[in-house]
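Residue numbers (mature numbering (1 follows the signal peptide of the UniProt record, and there is no 0)): -19 to -1, 1 to 278.
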Amino acid sequence: MKLFRLGITGLVFLSPACCDLLPRAIWSRVTDDVWDNAVCKGGNLLTAMKSSDKAAAELISKSPGLKTAASPFQDIAKDLEEWGWRTNDDLGVELTDLRIPEFIEGAKLNVNNVKYATIEHTVDYKKDGHDYKATQGFARFITESSGVIFALWLESPYKAARKAWKKEPAIDELPRLQMSSDLLWAAYEPYSGSRLRHVMSCDINNEETRAIMFRALGNKAPTTWPGTSFDINSDEGLALLGSPNGYGFAYLLIQRKAELGNRCITRATVFRPPVIRAREPDPMLLFDVRECQVEFE
């Protein structure tokens, strides 16, 4: 397997996953280069998940000598506020609106014990003596008490600022706290006492991820539940893990080993909800998460 060093700054945000906010994408074929890079990235992420914190740091960091892969944001509620993020529970949808009753039943989810989190970058702020403008970035999640995260609608501070400011934002104009893994942690922290067991990217619209899905499925569109599952060690599983809608979840596990324990993604499942009003729904990408041994020190 080809390996390369994963720069932690190379991951900013999970790719957009909302069919209501973006034009519906079509199924297209992925190039060999994109596929191979996704497989390679997925392999590195899987190795980092199976590694000690120090060994994982060597894989994901561009900075030589970094001793830890842990997120620098260790007081996430305070850090969010200081970097201009605001949170509320007004999501506008409920878990049952995702139209995945078979998964909910099979995973034995408690639909009455969920939290809804909207995290928005809508406040101008001052940090470390510098004035920053709100980017209008946002992320919306559903978390369930037994250890499940659903990532719904996301737009990175960079992409949101480019639209809102009508210019290319400079790196030093953006909040340091912008990685999807940190926002995922902010949503999941109230349930962090539970063992995280599933993560799902919902209503995927990203063209690259969809093309990777299409190839993984043998150039076929996804089917309804139970869909098609891939062992994470397969090329298909690694490509899905390394896709724009996959690697944010991997970084969550890599950066939060102290809080979550050493956990790894073991399986990827691609499926879609049932057709409604003659419109093909956008697909879902489900990852199973399990405790794993540290194999690389």
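Glycine is no exception: its CB is placed at the ideal position from the N, C-alpha and C atoms.
Handout entry: Contact check, residue 155 vs residue 145, beta carbons under 9 Å
Key = The residue you call residue 155 lines up with position 174 of the sequence shown. The residue you call residue 145 lines up with position 164 of the sequence shown. Result no, Cβ atoms of residue 155 and residue 145 do not sit closer than 9 Å.
Handout entry: Limits of the beta strand (DSSP E) - the one that residue 70 falls within
Key = Along the sequence shown, one-based indexing puts residue 70 at 89. Neither: residue 70 is in no beta strand (DSSP E) and is coded neither H nor E.
Handout entry: residue 160 (DSSP reduced to helix, strand or coil)
Key = The residue labelled residue 160 in the question sits at position 179 within the sequence shown. Reduced to three states, the DSSP call for residue 160 is coil.
Practice task
Say whether the region 92 to 104 touches the region 173 to 192, bearing in mind that this needs 3 or more beta-carbon pairs closer than 8 Å, one atom from each stretch.
Solution key: no
Handout entry: Local conformation of residue 13 per DSSP, three classes
Key = Along the sequence shown, one-based indexing puts residue 13 at 32. Three-state result, residue 13: helix.
Handout entry: Buried/exposed call for residue 153, threshold 16 Cβ in 10 Å
Key = Here residue 153 is taken as the residue at index 172 of the sequence shown, counted from 1. Exposed, since its Cβ has fewer than 16 Cβ neighbours within 10 Å.
Handout entry: Backbone CA spacing between residue 275 and residue 134 [nearest angstrom]
Key = Residue numbering aside, residue 275 sits at position 294 when the sequence shown is read from its first letter. Residue numbering aside, residue 134 sits at position 153 when the sequence shown is read from its first letter. Near 33 Å, if we compare the C-alpha coordinates of residue 134 and residue 275.
Practice task
Write down every uninterrupted run of the beta strand (DSSP E) in the region 82 to 147 whose length is 3 residues or greater and which is fully enclosed by it, in chain order.
Solution key: 95 to 101, 106 to 108, 111 to 113, 119 to 125 and 129 to 136
Problem - Residue-chain proximity (residue 172, chain D), Cβ-Cβ < 9 Å - result: Checking the listed chains, one finds no chain D in this structure; it contains a single protein chain.
Problem - Rounded Cβ spacing between residue 128 and residue 182 (contact assumed at less than 8 Å) - result: Walking along the sequence shown from the start, residue 128 turns up at place 147. Walking along the sequence shown from the start, residue 182 turns up at place 201. Wrong, their Cβ atoms sit about 17 Å apart, outside the cutoff.
Exercise for the section: Measure the Cβ-Cβ separation of residue 217 and residue 249 and say whether it is below 9 Å. Expected result: Taking the first residue of the sequence shown as position 1, residue 217 is located at position 236. Taking the first residue of the sequence shown as position 1, residue 249 is located at position 268. Their beta carbons are under 9 Å apart, which means residue 217 touches residue 249 by this criterion.
Exercise for the section: Give the straight-line distance between the Cα atoms of residue 28 and residue 122, rounded to the nearest whole angstrom. Expected result: Here residue 28 is taken as the residue at index 47 of the sequence shown, counted from 1. Here residue 122 is taken as the residue at index 141 of the sequence shown, counted from 1. Near 27 Å, if we compare the C-alpha coordinates of residue 122 and residue 28.
Problem - Cα-Cα separation, residue 3 to residue 62 - result: For the purposes of this step, residue 3 is taken as residue 22 along the sequence shown, with counting starting at 1. For the purposes of this step, residue 62 is taken as residue 81 along the sequence shown, with counting starting at 1. For residue 3, the pLDDT reaches just 40, beneath the cut-off of 50, and the residue's location in the model is therefore unreliable, leaving the point undetermined.
Handout entry: residue 6 versus residue 265: straight-line alpha-carbon distance, rounded
Key = The residue you call residue 6 lines up with position 25 of the sequence shown. The residue you call residue 265 lines up with position 284 of the sequence shown. Residue confidence for residue 6 is low, a pLDDT of 48 falling below 50, so the modelled location carries little weight and cannot support an answer.
Exercise for the section: Kindly identify the DSSP beta-bridge partner or partners of residue 269. Expected result: As a first step, residue 269 must be located in the sequence shown, where it is residue number 288. 179 and 248.
Practice task
Please name the residue or residues paired with residue 257 in a DSSP beta bridge.
Solution key: Taking the first residue of the sequence shown as position 1, residue 257 is located at position 276. For residue 257, which the question treats as bridged, DSSP gives the partners 260.
Handout entry: Where the beta strand (DSSP E) through residue 347 begins and ends
Key = Residue 347 falls outside the range modelled here, since the chain spans only -19 to 278, and no answer is possible.
Handout entry: Neighbour-count burial assignment, residue 191, 16 or more Cβ in a 10 Å radius
Key = The residue you call residue 191 lines up with position 210 of the sequence shown. Residue 191 is buried by the Cβ-count criterion.
Handout entry: Bounding residues of the alpha helix (DSSP H) (the contiguous stretch that carries residue 236)
Key = Counting from 1 along the sequence shown, the entry for residue 236 is found at position 255. From DSSP, the alpha helix (DSSP H) with residue 236 extends over 228 to 236.
Exercise for the section: For the region 200 to 212 and the region 104 to 118, state whether three or more C-beta atom pairs, one from each stretch, are separated by less than 8 Å. Expected result: no
Exercise for the section: With a threshold of 8 Å, establish whether the CB of residue 267 neighbours any heavy atom of the ligand NAP. Expected result: With respect to small molecules bound, the structure shown includes none, and the ligand NAP cannot be examined in it.
Handout entry: Beta-carbon gap between residue 163 and residue 54 smaller than 9 Å
Key = Your numbering for residue 163 matches position 182 in the sequence shown. Your numbering for residue 54 matches position 73 in the sequence shown. The answer is yes: Cβ separation under 9 Å.
Exercise for the section: Compare the Cα-Cα distances from residue 224 to each of 18, 81 and 8 and report the closest residue. Expected result: The sequence position of residue 224 within the sequence shown is 243, counting from 1. The option with the nearest alpha carbon to residue 224 is 18.
Handout entry: Beta-bridge partners of residue 32, as assigned by DSSP
Key = Residue numbering aside, residue 32 sits at position 51 when the sequence shown is read from its first letter. BP columns for residue 32 point to 277.
Handout entry: Where residue 205 falls: helix, strand or coil (DSSP)
Key = The residue you call residue 205 lines up with position 224 of the sequence shown. Looking at residue 205 - three-state DSSP - the assignment turns out to be strand.
Practice task
Mark residue 359 as exposed unless 16 or more other C-beta atoms lie within 10 angstroms of its C-beta, in which case mark it buried.
Solution key: The structure shown does not extend to residue 359, since the chain is modelled only from -19 to 278, so the question has no answer here.
Handout entry: Contact belief for residue 26 with residue 32 at Cβ below 8 Å, rounded distance in angstroms
Key = For the purposes of this step, residue 26 is taken as residue 45 along the sequence shown, with counting starting at 1. For the purposes of this step, residue 32 is taken as residue 51 along the sequence shown, with counting starting at 1. Incorrect: roughly 10 Å between the Cβ atoms, too far for contact.
Handout entry: Other residues of its chain near residue 193: CB distance less than 6 Å, five sequence neighbours each side excluded
Key = The residue given as residue 193 occupies position 212 in the sequence shown. 11, 19, 220 and 224, listed in sequence order.
Exercise for the section: State yes or no: is the C-beta of residue 180 within less than 9 Å of the C-beta of residue 85? Expected result: Against the sequence shown, residue 180 aligns to sequence position 199. Against the sequence shown, residue 85 aligns to sequence position 104. Cβ atoms of residue 180 and residue 85: not closer than 9 Å.
Exercise for the section: Report all residues from its chain with a CB closer than 6 Å to the CB of residue 234; omit the five preceding and five following residues, and keep chain order. Expected result: One-based indexing of the sequence shown puts residue 234 at position 253. Closer than 6 Å at the Cβ level, and outside the excluded window around residue 234, lie 30 and 244.
Practice task
Note down the Cα distance separating residue -19 from residue 198, rounded to an integer number of angstroms.
Solution key: Residue -19 sits at position 1 when you count from the first residue of the sequence shown. Residue 198 sits at position 217 when you count from the first residue of the sequence shown. A caution first: residue -19 carries a pLDDT of 41, below 50, which makes its placement in the model unreliable, though a value can still be read off. Computed Cα separation, rounded: 21 Å.
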